[in-house]
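Down below is the structure, laid out as structure tokens.
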Amino acid sequence: MYKDKIVGNRIDNKLGSLKADSSIALVPYLTVGYPDISSFYEIANSVLDSGADMLELGIPFSDPLADGPTIQMTSFKALENGVNMHTAFDIAQKIRTENPETPLIFMGYFNPFLTYGISEFMDKADSVGIDGIIIPDLPSEEAEDIARLCKGKGIHLIPLLAPTSTEERIAAACSIAGGFIYCVSLTGVTGANSKMSQNIEGLVNSIRKQTNLPILVGFGISSKKDIEQIAGFADGAIVGSALLDVISKANKGRKIAEASKFIEELK
Numbered sequence: 005m006y007k008d009k010i011v012g013n014r015i016d017n018k019l020g021s022l023k024a025d026s027s028i029a030l031v032p033y034l035t036v037g038y039p040d041i042s043s044f045y046e047i048a049n050s051v052l053d054s055g056a057d058m059l060e061l062g063i064p065f066s067d068p069l070a071d072g073p074t075i076q077m078t079s080f081k082a083l084e085n086g087v088n089m090h091t092a093f094d095i096a097q098k099i100r101t102e103n104p105e106t107p108l109i110f111m112g113y114f115n116p117f118l119t120y121g122i123s124e125f126m127d128k129a130d131s132v133g134i135d136g137i138i139i140p141d142l143p144s145e146e147a148e149d150i151a152r153l154c155k156g157k158g159i160h161l162i163p164l165l166a167p168t169s170t171e172e173r174i175a176a177a178c179s180i181a182g183g184f185i186y187c188v189s190l191t192g193v194t195g196a197n198s199k200m201s202q203n204i205e206g207l208v209n210s211i212r213k214q215t216n217l218p219i220l221v222g223f224g225i226s227s228k229k230d231i232e233q234i235a236g237f238a239d240g241a242i243v244g245s246a247l248l249d250v251i252s253k254a255n256k257g258r259k260i261a262e263a264s265k266f267i268e269e270l271k
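Be aware that the sequence shown starts at 5, since it is given in my numbering, and climbs by one per residue.
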């Protein structure tokens, strides 16, 4: 198993080293299999080579409720390309082989994991070297069981908290969290044109009262200015829709180069 070669979870190692350097994490989100399976792999490696600190691998799903038009489009296209949970594991394995120390995170809706089989999913995630899992629609009644299975494999279950989260919800999420807290910077769906909530710094401060885990901010982040704003109070930024917009708008022969350029400009 890949974790045997690394002391501790790669997410902890990476965030710890960034904190020691007074830096914050830049974490791109890519939909697995978009724009096609072969170029996805090249794009994933290119954004890592361009300075990304971790990689969020989005599992395509037919009903992505929390996602805006860009991620929905990429998800539907990936499904058309034949991507499923088995494909996602194969691709993750390939990326892991090329990037043995890079934290890899699966982000996906609960249904594909459930369909694959939860215990089978955990075994496979462990064997290919997945470091964290984010499940936006994880039912609260399932969370403790999933968290226990994750902990048994040394995989972090990373919760999402939003400006609308109550103190009770924050406390419950922090009690089962590992790796970091994903702080959603706006209400509604994802999208590069969305604006970060004015309450985001207050939310981060509320979460810090409940946990010592790092806090990363996502949803609506599209520029270096956004990241500089976040750097004043959070430990990292997650960039999804803006990067996927760049990839979707680029000519076929330029998608890899444009993705790399975008990440370099955010660093």
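Cβ coordinates follow ideal geometry from the N, Cα and C atoms, glycine included.
- The beta carbon of Y120 sits closer than 6 Å to those of M89, all from its chain and outside the five residues before and after it, given in chain order.
- Taking each of N209, D239 and E205 in turn and checking the Cα distance to I219, the smallest one comes out for D239.
- Burial check for R14: the Cβ neighbour count within 10 Å reaches 16 or more, so the residue is buried.
- Secondary structure note for F125: it is in no beta strand (DSSP E), and the uninterrupted alpha helix (DSSP H) holding it is I122 to V132.
- Your pair P104 and I251 does not check out as a contact, with CB atoms roughly 25 Å apart and the cut at 8 Å.
- Scanning its chain for C-beta atoms nearer than 6 Å, with the 5 sequence neighbours on each side dropped, one finds around F237 the residues E205 and V208, in chain order.
- Take the alpha-carbon of P73 and the one of K229: they are about 23 Å apart.
- CA-to-CA, the gap between S226 and S245 works out to about 8 Å.
- The bridge partners DSSP lists for E60 are Y33 and I109.
- Relative to the Cα of V31, the nearest Cα in the group E46, D57, P116 and N49 belongs to D57.
- P68 has its alpha-carbon roughly 23 Å from the corresponding atom of E124.
- For G257, no beta strand (DSSP E) encloses it, and the DSSP letter there is neither H nor E.
- When secondary structure is reduced to three states using DSSP, L247 falls in the helix class.
- Secondary structure at V87: coil, using DSSP grouped into helix, strand and coil.
- Pairing C154 with L164 gives a Cβ-Cβ distance that is not under 9 Å.
- Note that the region 130-141 does not touch the region 75-90; fewer than 3 beta-carbon pairs, one per stretch, sit closer than 8 Å.
- Taking all protein chains in view, the Cβ of L118 is surrounded by fewer than 16 other Cβ atoms within 10 Å, so the residue is classified as exposed.
- In the DSSP annotation of this structure, the continuous segment of the beta strand (DSSP E) that includes Y186 starts and ends at I185 to V188.
- Counting of Cβ neighbours within 10 angstroms places K256 among the exposed residues, the total staying below 16.
- By the CB criterion at 9 Å, L61 and A29 fall outside the cutoff.
- Here the C-alpha atom of G158 lies approximately 28 Å from the C-alpha atom of S189.
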